[in-house]
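What the sequence shown shows, in mature numbering (1 follows the signal peptide of the UniProt record, and there is no 0), is residues -18 to -1, 1 to 307, in sequence order.
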Amino acid sequence: MRLRILAALAAISLAALTGCGENTTSGGGGGTGTLRIMAPASPGGGWDQTSRVAEQALKAADPNRKYEVYNVPGAGGTIGLAQLAGEKGNGNLLMTMGLVMVGAIEQNKSKVTLSDTTPIAKLTEEYEIVVVPAESPLKSLSDLVTMWKADPAKVSVAGGSAGGTDHIVAGLMAKAAGVDPKQVNYIAHSGGGEALNALLGNKVTIGISGVGEFAEHVKSGKLRALGVTSGQRLTDLDAPTLKEGGLDVELANWRGFVAPGGLDDAAKKSLTDLVTKMHDTQVWKDAVAKNGWIDSFQTGQQFADYLNSEQARVKGIIAEMGLVS
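Below, the structure is given as C-alpha cells:
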C-alpha cells in the first residue's frame, strides 16, 4: 500500500514538473492548449464583437480545441498590448487589434509598439458611420457643419479611444468643414457600448463608430445616420456618404490578429493555419456579411508590410490633425 501511495505521489510530482494539462501556455509548436483571444477594450465594441465572432468560427474550424475570449480595456488597446508583450513566446494567445490601436500607440506615446508582436492576419475592413440621437435637431451633415462652425465646443463627439479611427474621422470631418481639428470636443470611450449609451441618453451631440456597431440602432429608429465614410452608399443602410454631404472624407477601419513576440516558426505557422481555417468557415463568412464587414484577409509578410505602412500613414494623419499633445 505504501509503495502505491509513493508511486501516485511521484506521478503527481512528475505531472507538475512537466507542466501537463490543457491550459499550458508554452509557445512550443502551438495548437495544443486553450487558445485565448484578448479583446483589448470593454465589451460591446468592435474588437469585442470581432473576438467573439472569431471564437465561434474557430470552434467550427477546430471543434476539438478550447477557446476563451477575455477583455482588457483601456488606452486604445495599449494596456492590452503591454500585457501581450509580457507573454513573449506564448503560442496560445491572440489579440484582436486594428487601426484604432495604431493611432492610440501614437496618441499615448506607448513604449510598447506593434514591433513587439507577431503579425498573424488582417481580417476585415469596415466603414465608419456618423449618427445622432433620434431626438436630435440635426437632420443632415449641413446642419452639423452649421452648428460646428458657430461654436465647435458645443458639438460633443462620442467615439472610441483618443487617437483611434473615430477620433481621426472627427478630425478629418472638422478640417473638411472648415473647423480647426484641435477644437473638436471629442469624448473618448473605451468601448462601443459606452458611446452608444451616451448617444441613447442624449448626452452627446454626435457619435462616430463602425457601421456594424450602430447599424441596428439606426434601422430601429433609435439613432439617425448623418453619413458614412465609404466612397459609395452602402446597399443595406439608408445613409448618404460624407462626400455627398459636402465633406471630402473617405476612410475604412480595419481589424486583425497579432500574437506575442518571440514565437518560434512552428507556433507562428500553427496560429496562421488555424486563423486561415477560421476565415474559410461558413460561420465567419456569414458574420462578415451580417455585420457589413469587408473581407480583407492577409497573412504572413503581406500583413506585416501592411502594418508598417499603416503605422507611417496614421502617424502623419495624427500629426496633421494635432491629435498628439
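The beta-carbon is built from N, C-alpha and C at its ideal position, and this holds for glycine as well.
Given the structure is predicted, the values throughout are model-derived calculations rather than measurements.
Of the other Cβ atoms in all chains shown, 16 or more fall within 10 Å of the Cβ of Gln89; this residue is therefore buried.
Nearest to Gly304 by alpha-carbon distance, out of Thr254, Leu154, Ser252, is Leu154. The Cβ atoms of Ser143 and Ser122 do not sit closer than 8 angstroms to each other.
Ile150 is the residue among Ile150, Arg34, Pro163 whose C-alpha sits nearest the C-alpha of Leu233.
In the DSSP assignment, Trp130 falls within the alpha helix (DSSP H) that extends over 123 to 132.
Secondary structure note for Glu107: its beta strand (DSSP E) is the uninterrupted segment 99 to 115. A Cβ-Cβ distance of about 6 angstroms is found for the pair Asp277 and Thr106, placing them in contact under the 8 angstroms criterion.
Apart from the 5 residues on each side of it in sequence, Val270 sits with its Cβ closer than 6 angstroms to the Cβ of Asp277 in its chain, given in chain order. Of all alpha-carbon atoms in Leu178, Pro119, Glu198, Gly56, the one lying nearest the alpha-carbon of Ile190 is that of Leu178. For Asn53, the pairing in a beta bridge is given by DSSP as Ala21.
Secondary structure at Ser33: helix, using DSSP grouped into helix, strand and coil. Under the three-state reduction of DSSP, Leu229 is assigned to coil, being neither helix nor strand.
The criterion of a C-beta distance shorter than 8 angstroms is not satisfied by Tyr52 and Leu40. By the C-beta density criterion, Gln31 is buried, having at least 16 other C-beta atoms within 10 angstroms. Here Pro115 is buried: its Cβ has 16 or more other Cβ atoms, across all protein chains shown, within 10 Å.
DSSP, read as helix, strand or coil, puts Asp247 in helix.
In the DSSP assignment, Arg295 falls within the unbroken alpha helix (DSSP H) covering 282 to 303. Excluding sequence positions up to five before and after Pro55, its CB lies within less than 6 angstroms of the CB of Ala23, Ser24, Ser172, all in the same chain and listed in chain order. Residues of the same chain with a CB within less than 7 angstroms of the CB of Gly160, apart from the 5 flanking positions on each side, are Lys131 in chain order.
Between the alpha carbons of Asn46 and Val113 lies a gap of roughly 42 angstroms. Here the stretch 67 to 76 makes no contact with the stretch 205 to 216; the two share fewer than three CB pairs at distances below 8 angstroms. For Asn235 against Gly80, the beta-carbon gap comes to about 6 angstroms, under 8 angstroms, which counts as contact. Burial state of Arg237 is buried, judged by a 10 Å Cβ sphere holding 16 or more other Cβ atoms. As for any beta strand (DSSP E) of minimum length 3 sitting wholly inside the stretch 130 to 156, the runs are 138 to 141, ordered along the chain.
Counting along the chain, Val210 sits inside the beta strand (DSSP E) bounded by residues 205 to 210. In this structure, DSSP gives Leu40 a helical state, which the three-state scheme calls helix. The Cβ atoms of Ala286 and Val231 lie no closer than 8 angstroms to each other.
Take Ile61, set aside five residues on each side of it, and the residues of its chain with a beta-carbon closer than 8 angstroms to its own are Pro22, Val54, Pro55, in chain order. Our two residues, Arg295 and Met83, have alpha carbons roughly 13 angstroms apart in a direct line. Leu120 and Asp218 have their C-alpha atoms roughly 22 angstroms apart. Between Lys225 and Asp133, the alpha-carbon positions lie close to 23 angstroms from each other.
The shortest CA-to-CA distance from Ile111 to any of Trp29, Glu176, Leu216 is the one to Leu216.
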